[in-house]
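Read the structure below first, then the notes.
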Ligand code: NDP
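Residue numbers (our numbering): 992 to 1325.
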């Protein structure tokens, strides 16, 4: 079997496989279904670095005891515009499932609200949370730190995480505009997939263990990633650290690095999500005004909106190709 062999699975089979693996490895139903939904949605949309590919890492963290499979997140919404969720050492998706509807209803009423999530383990894409809010008419920003994998601009040693940030803008007649990106030149998941599939990395992805630029994913995994866009991306990554750790009180990436057990799963950290009601901030004309802008942008030659690829993939309800080696590994975990 070559590392590129694949098998076709329906989206229902993908959900069921993920759900069963999580149940078999110590998750209760609420956590297993929140995780399986996140992985199903990632495979449906073609977010492959954060779909089934993540299962071995999730399971490693359940097996090592770092993450609690039946954790019940607790919610404190005693402050008007700040919702605090304590994940109680579970994976983030179930905490999000419980908290996002509350965040949406508070932001709708007050115009703006913030949700901080602490004591959780985030191993997924961030677009599911921002898209959820934008589908309810809200502007949304979400970010989380990780553990050291990225050298800040000018440095050669890992200090930042890959620190993703996602933004979503609601549109009534169309799916929301959403971007979701690591602040490293490539997400670590994509580097690992390139290593598995024998592909070279684009210029500027990272440095090898000797501190020299390298396009070999195996060398970069042993070395460090670089931020996208030099010092500018490095500044965005710095902002993500401060918002998701400084403002939540949970780990900065370096703190997660010092305490993580390196079991191959996600480190403990916080997530910050901001939701804004454009009706209350911009007034009645917000929708037409922003839609006209986005239409003009979309019509520029050679330009596509972020999120379009995912939304296009979503329209296809058919079978999805899954790497065979990965599937075998996952089936062995059942
Ligand atoms: P990509 O570089 O693939 O894409 C980043 C964004 O740019 C997407 O919104 C994408 O939209 C958009 N985009 C891509 N190509 C174009 C184009 N030609 N024109 C316009 N827009 C474009 O994502 P990353 O590799 O940086 O990140 C992948 C995922 O990794 C993210 O979902 C992120 O949340 C996740 N991640 C999670 C971490 C965690 O700790 N939980 C850590 C790091 C990353 P589209 O999807 O439609 O292509």
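Glycine included, C-beta positions come from ideal geometry on N, C-alpha and C. The structure presented is a predicted model; accordingly, all values stated were derived computationally and were not measured.
request  = Using 10 angstroms around the beta-carbon of residue 1336, count the other beta-carbons present and answer buried if the total reaches 16, otherwise exposed.
outcome  = Outside the modelled stretch of the chain, which goes from 992 to 1325, sits residue 1336, for which no answer is possible.
ask   = Just to check, is the beta-carbon of residue 1113 closer than 6 Å to a non-hydrogen atom of the ligand NDP?
value = yes
query = Cβ of residue 1305 within 6 Å of any heavy atom in the ligand NDP?
reply = Checking the Cβ of residue 1305 against the ligand NDP gives no.
query = Once you ignore the five residues that flank residue 995 on each side, which residues in its own chain have a CB closer than 7 Å to its CB?
reply = The beta carbon of residue 995 sits closer than 7 Å to the beta carbons of 1188 from its chain, once the five residues preceding and following it are set aside; these are given in chain order.
query = Within 6 Å: the Cβ of residue 1173 and any heavy atom of the ligand NDP?
reply = yes
ask   = What does DSSP give as the partner residues of residue 1311 in its beta bridges?
value = Note: residue 1311 sits in a beta bridge opposite 1000.
message = For residue 1064 and residue 1085, which I take to be in contact (beta-carbon distance under 8 Å), what is that distance rounded to the nearest angstrom?
response = 6 Å
message = Would residue 1266 and residue 1094 be called neighbours here (beta carbons separated by less than 7 Å)?
response = Their beta carbons are under 7 Å apart, which means residue 1266 touches residue 1094 by this criterion.
task = Return yes when at least one heavy atom of the ligand NAP lies under 6 Å from the C-beta of residue 1309, else no.
result = Although the ligand NAP was asked about, the structure shown includes only the ligand NDP as ligands.
query = Grouping DSSP H, G and I as helix and E and B as strand, with all else coil, what is residue 1064?
reply = coil
query = residue 1054 and residue 1016 look like a contact to me (Cβ under 8 Å); what is the Cβ gap, rounded to whole Å?
reply = Contact holds; Cβ gap of about 7 Å.
ask   = Within 6 Å: the Cβ of residue 1189 and any heavy atom of the ligand NDP?
value = Outside the cutoff, so no.
task = Report back the beta-carbon spacing between residue 1285 and residue 1296 to the nearest angstrom; my notes put them in contact at under 8 Å.
result = 7 Å
inquiry  = With distance defined between alpha-carbon atoms, name the residue in 1122, 1131, 1116 nearest to residue 1173.
reply    = 1116
key: Three-state secondary structure assigned by DSSP to residue 1114   = Annotated three-state conformation of residue 1114 is coil, per DSSP.
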